[in-house]
Amino acid sequence: MKPLTSTIAVEGRHIVKDFRLGETITNVLKDVSLEVMQGEFVSIMGPSGSGKSTLLYILGGLDSPTSGTIRLNGTDISHLKDEQMSRLRRQKIGFVFQFYNLIPNLNVEENIMLPLLLDGRKWKDYKKKLSYILELTGLSDRQKHTPRELSGGQQQRVAIARALIGSPEILFADEPTGNLDSKTGAEIMHLLHQINEESKQTIIMVTHSAEAAKSSSRIITVRDGMVE
Amino acid sequence: MRIIIKYILINGKEHKARTAVMLLSILISSTLLFVSFSLASSYESAQEKMARGMSGSATVSIHAPGESDSLKIEDIPVLPLISAKVGMLKESCFYHENGYYETVDLIAADLSQLDEINKPRLLDGRELKDFSGRKIILPDRFTLKYGIKKGDKITLQIGGNPVCFEVAEIAAYDTVFLRKTRGATALLPLSTLSGLFNRTDGYNEILIKPAKGVSTADLINGLESVLPDGRFQVSEIINETQIKADARQKSMPFFLISFFSLTISVFIIYSSYKVITLDRLPVIGTFRSIGATQKAVTRILLLESLLYGSIGGLFGIPVGMAVLKLILHGMGKSLPQGIEIPVVITPFSIIASFTTAFAISLLSAWIPVCRASRLPIKEVVLGTVEEPSPPRHLIIGSGSILFLISIFVPKLVPENMLNLAGGFSLSGLIAATILIIPLLTNLVSIGLEWVYGLLSHNIGRLAARNMRDNKNITQNITLLFISISAVIAISVVGDFVNTYISDVFKGAELQGFADGQMTPEFVDQVKNIDGVHKVLPLFVYKNELHGNGVLFSRLEATDNLEWYNSMLALHYTKPLMEEQAVSAFAANRSILLSESCLKRTGLTVGDTLTLSNGSAAASYVITGSFKSRATDVEAVIPCSYAAIDFGMKNYGFLAYTATDPDGVMIQIRDLFGNTQNWSRTVKEFNEDAHSTVGAFLKPMHSLTYFILLLAAIGVINNLLINYMQKRRTIAMYHSIGLSIRQNRRMTVIESFSCGMLGAAISIFVSYMEIRTIFIVAGPKITMEPALSARTFLMAGASGILITLSGSVIPIIKSRQMKIIEEIKF
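Chains as they are written, first to last, in the UniProt record's numbering: chain R, 1 to 228; chain V, 1 to 825.
What follows is the structure in structure tokens.
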């Protein structure tokens with residue numbers, strides 16, 4: 001167990017999320033409250049349909065709650081406008097998805113640099129950072145390849161590199177090993193663990209895998225829309 | 001089977017927009033094709049009607065060799081080849097109104113004989129009775145023009161004397177009253193006309209209607225074999241082959257429209273099917289996993305395309321009929337002759353349009369469907385399908401080679417292969433460009449990345465980068481290229497046909513002409529009119545001179561071949577011929593023959609030809625051959641030798657240039673006084689011709705809108721497909737911080753770049769297409785097409801505009817996008 005700082009990185013209060021399917025309203029999240037401290041590596045686990053991914057996306061600002069508040073490093077993101085939310089995603093948040101979500105016609109280094117480019121930053125100012133991230137994720141020899149020329153594990157590494165390039169305060173990962181075989185999955189988890197250990201990166205990860213969850217410092221279990 | 005049809009119908013219902021776009025594109029293609037075919041047939045029929053004019057159902061005409069000789073109806077023996085015959089007496093006079101002289105051709109015939117061949121149609125629908133004495137029947141076009149009513153008296157100038165007639169009836173402007181030239185035709189009682197012109201000994205012409213099933217050629221052969229040599233000239237009234245060829249030339253733009261509309265449709269359906277099959281991969285996988293064979297899957301998917309083809313094709317034909325009627329109605333109204341154009345719908349046009357719509361739907365779906373049904377079941381079920389594509393260098397190499405071949409083939413093949421080569425070249429240029437577009441897009445995106453980087457920093461750079469290796473973008477550019485190049489090619493060819501047919505004096509120096517009998521003193525008076533620069537008087541021999549037994553319909557003699565060349569824009573077969581002819585004309589008995597006349601006589605340049613008018617003959621050396629759109633002359637000889645050999649004193653035609661051609665024309669008309677003449681400035685002549693031909697070509701402009709509509713549908717279809725395929729990418733961008741505003745900027749920059757590149761490619765390729773079209777048409781035309789940069793730029797700009805406006809939907813849709821839904825699955 002690594003020492004944690006006492007600052008709250010993510011704070012969710014009374015989060016409710018309802019989905020309407022025709023006439024039926026489904027309560028996916030029912031008054032969820034939680035806190036994640038800076039430098040913490042938290043795994044959110046739970047059975048299918050429990051609402052764990054929805055919770056992650058709401059915490060990460062990709063979805064909005066029906067009610068409740070979310071604070072990222074003290075900033076209430078519940079009522080941010082698109083422009084402010086987008087900037088937050090570029091500067092403070094990194095996301096890793098199960099299906100990598102890379103831009104197929106951009107090569108590895110272009111995919112990694114995207115958040116910075118969208119933020120108006122210059123490529124040349126981040127050359128060193130890019131080299132470091134490529135080294136860290138083991139992609140130095142793959143930087144000119146396009147996603148379709150990479151294996152699943154390599155694509156996930158690119159996604160992690162992209163999430164890290166802007167030095168985000170919080171890294172969200174939605175089942176990062178869900179689409180990988182166990183060996184590759186273990187390698188990705190090792191990488192995330194290493195990042196958390198070395199740079200005290202806050203990570204919130206949704207996973208089905210108890211093995212993957214072992215890398216984290218805390219496990220939050222969601223069942224029937226509530227945190228246990 | 002019922003389940004499959006239910007499945008197909010549900011698919012259609014679930015994807016309403018896509019189904020509507022596909023059906024609409026097939027419907028419009030089928031409509032366009034049907035209208036093109038039918039317009040060509042209707043136009044041919046109208047041309048034939050105009051060409052037949054007063055001949056009605058007669059196909060052969062018999063003249064006496066000399067103008068003053070007469071024919072008697074009894075001269076023509078009773079033959080089983082003949083169904084009916086009528087003797088026509090024809091003379092000319094003037095109608096004078098407000099200082100303007102209009103030529104009126106007076107005709108008369110035995111009415112019972114005339115009724116059998118071309119019965120005049122009276123406006124009130126009654127039968128013609130008690131038609132004798134100083135009575136006249138005039139066509140409504142003439143009476144409406146001058147406000148003349150039935151029972152009115154009108155005065156005609158006959159041989160310089162006023163003769164008064166009572167308007168006995170007003171007839172419809174058709175049958176014997178229909179004419180190809182200006183002026184009017186009036187029907188007089190036979191005894192009245194023969195009495196006025198003292199022609200009681202017979203007719204000028206006898207018209208023969210063939211018996212049922214007898215061809216014109218057989219009738220001519222039959223008549224020539226029984227009629228004594230030299231006393232009768234038997235000729236075909238209309239050259240049906242020529243009419244068909246003329247009509248085909250004028251309907252060329254319509255076929256071009258069909259060609260391009262089909263290309264666009266194929267592309268729309270093909271690209272839609274690519275997406276449909278991609279969408280249906282899970283269903284295909286399910287079908288295959290429960291035991292459906294490759295064939296069965298192919299059949300199910302193709303059945304759907306057949307359904308689209310049949311519905312679109314079937315509805316396209318009634319829509320086409322409505323469009324055709326609308327267009328032809330408009331055409332008939334705007335024709336100065338007031339000729340009603342018959343709506344000709346042939347079974348061929350119906351079957352061909354439907355079959356083509358059906359076939360393009362089937363064939364366009366074939367490749368993507370077959371490819372999808374061949375995919376390995378495991379990959380389809382697991383969603384791990386990787387579409388194999390041929391190596392890029394192979395595609396680009398093939399495209400470049402095909403492009404070059406398409407450019408050069410029409411230049412290299414012999415004349416009789418030109419149509420085939422032209423078709424290959426047009427299709428080849430389009431196909432090759434489609435193959436090369438991905439490479440061009442990549443190259444341009446590299447340049448744009450740099451430019452946009454300077455102008456709009458990272459967003460512009462990313463937008464340009466996003467164009468590289470992006471199938472959606474290349475698909476958009478391809479569709480835009482097909483649509484814009486279609487619009488450019490159709491506009492240019494249409495405008496050219498319009499100019500070519502209506503502006504026969506294009507390139508000719510003359511600004512006005514007078515056609516009538518003119519003494520040398522008359523010509524001197526014209527030369528002395530203020531502001532006159534050049535006057536070119538010509539001796540004219542109409543059907544008077546034979547050359548080695550071949551009768552020249554028009555032979556002219558000039559004393560200044562250089563002026564003749566420039567005034568009437570003669571195009572010599574070989575460049576050196578002009579100089580040789582000018583020097584030969586000054587020294588020897590020389591003759592120039594039109595290319596068609598040279599072919600008809602079977603002679604070649606350098607041969608000697610004996611010109612004869614029956615009483616005198618002289619040998620002339622053929623010094624050159626030419627083509628000219630400004631004159632229908634068959635042969636030209638020097639004035640000095642014409643006067644010596646054939647004794648001509650008065651001129652029959654005069655061309656002039658002047659500072660004020662209109663002012664000079666007024667004075668020329670004054671000089672003619674009451675003498676018969678046909679004098680016009682080139683401007684007046686062109687205005688008349690333009691209003692006639694322009695009316696025929698109006699439908700082409702209407703159809704261009706259909707092409708634009710089809711192109712717009714295609715672009716919308718593509719943008720929808722593009723958005724569907726891009727949703728996930730846009731969501732990915734949003735998930736890493738792309739804001740709505742940034743997305744809007746990126747989409748607009750991307751659309752603008754697509755439009756710009758599409759427009760640039762279209763402009764270049766359509767220029768090559770136009771060159772091909774004119775190389776193919778080249779041997780038949782004598783004029784270079786004038787290409788207006790405005791047409792190209794306007795079409796290009798509209799392409800950019802379409803793409804830009806098409807980006808509105810994706811921008812709006814992506815605002816409402818739920819990121820999670822798009823990226824999670």
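Backbone N, C-alpha and C fix where the C-beta goes; we use that ideal spot for every residue, glycine too.
Interface residues of chain V facing residue i [CB-CB closer than 8 Å]
i: Glu110 (chain R); result: Arg465
i: Arg162 (chain R); result: Ile736
i: Ser86 (chain R); result: His734, Gly737, Leu738, Ser739, Ile740, Gln742
C-beta atoms of residue i and residue j nearer than 8 Å
i: Ser353 (chain V); j: Gly316 (chain V); result: yes
i: Asn105 (chain R); j: Asn470 (chain V); result: yes
i: Val158 (chain R); j: Leu102 (chain R); result: yes
i: Asp174 (chain R); j: Leu56 (chain R); result: yes
i: Gly138 (chain R); j: Thr184 (chain R); result: no
i: Met724 (chain V); j: Ala463 (chain V); result: no
i: Val42 (chain R); j: Ser182 (chain R); result: no
Helix, strand or coil at residue i according to DSSP, with G and I counted as helix
i: Gly87 (chain V); result: strand
i: Arg223 (chain R); result: strand
i: Arg173 (chain V); result: The amino acid occupying residue 173 (chain V) in the given sequence is Tyr; Arg does not appear at that position. Coil, per DSSP.
i: Val16 (chain R); result: strand
i: Phe354 (chain V); result: helix
i: Pro336 (chain V); result: Because Pro336 (chain V) carries a pLDDT of 49, less than 50, the predicted location of this residue cannot be relied on, and no value is offered for it.
i: Ile644 (chain V); result: helix
i: Pro210 (chain V); result: strand
i: Lys153 (chain V); result: strand
i: Asp110 (chain V); result: coil
i: Ser57 (chain V); result: coil
i: Thr747 (chain V); result: helix
i: Val234 (chain V); result: strand
i: Asp124 (chain V); result: coil
i: Arg71 (chain R); result: strand
i: Ser615 (chain V); result: coil
i: Gln98 (chain R); result: coil
i: Ala712 (chain V); result: helix
i: Thr772 (chain V); result: helix
i: Met205 (chain R); result: strand
i: Leu555 (chain V); result: strand
i: Asp115 (chain V); result: helix
i: Thr608 (chain V); result: strand
9 Å Cβ cut-off: residues of chain R touching residue i
i: Arg468 (chain V); result: Asn105, Leu106
i: Thr433 (chain V); result: Within 9 Å Cβ-Cβ: nothing; Thr433 (chain V) doesn't reach chain R, min ~22 Å.
7 Å Cβ cut-off: residues of chain V touching residue i
i: Asp82 (chain R); result: Ser739, Ile740
i: Asn101 (chain R); result: Met732, Ser735, Ile823
i: Leu34 (chain R); result: Residues of chain V passing the Cβ test: none, with the nearest at roughly 19 Å.
Residues that residue i bridges to, as DSSP identifies them
i: Cys164 (chain V); result: V:Thr155
i: Leu34 (chain R); result: R:Gly12
i: Phe653 (chain V); result: V:Asp515, V:Leu538
i: His571 (chain V); result: V:Lys627
i: Gly309 (chain V); result: The partner list for Gly309 (chain V) (beta bridge, DSSP) is empty, contrary to what the question assumes.
8 Å Cβ cut-off: residues of chain R touching residue i
i: His457 (chain V); result: Gly120
i: Leu328 (chain V); result: Correct list: empty, because the minimum Cβ distance to chain R is about 51 Å.
Contacts of residue i in chain R (Cβ-Cβ under 7 Å)
i: Ile819 (chain V); result: Leu62
i: Leu462 (chain V); result: Leu117
Within 8 Å of chain R by C-beta, residues of the region 736–756 of chain V in sequence order | Ile736, Gly737, Leu738, Ser739, Ile740, Arg741, Gln742
Closer than 9 Å, Cβ to Cβ, to anything on chain V: give me those residues from the region 117–132 of chain R, in chain order.
-> Leu117, Leu118, Asp119, Gly120, Arg121, Lys122, Trp123
Can you give me, in chain order, the residues of the region 41–68 of chain R that have a beta carbon less than 7 Å from any beta carbon in chain V?
-> Tyr57, Leu62, Asp63
Chain R contacts made by the region 438–458 of chain V, where a contact means CB separation under 7 Å = His457, Asn458
Between the region 15–30 of chain R and chain V, which residues of the former have a C-beta closer than 7 Å to a C-beta of the latter?
-> none
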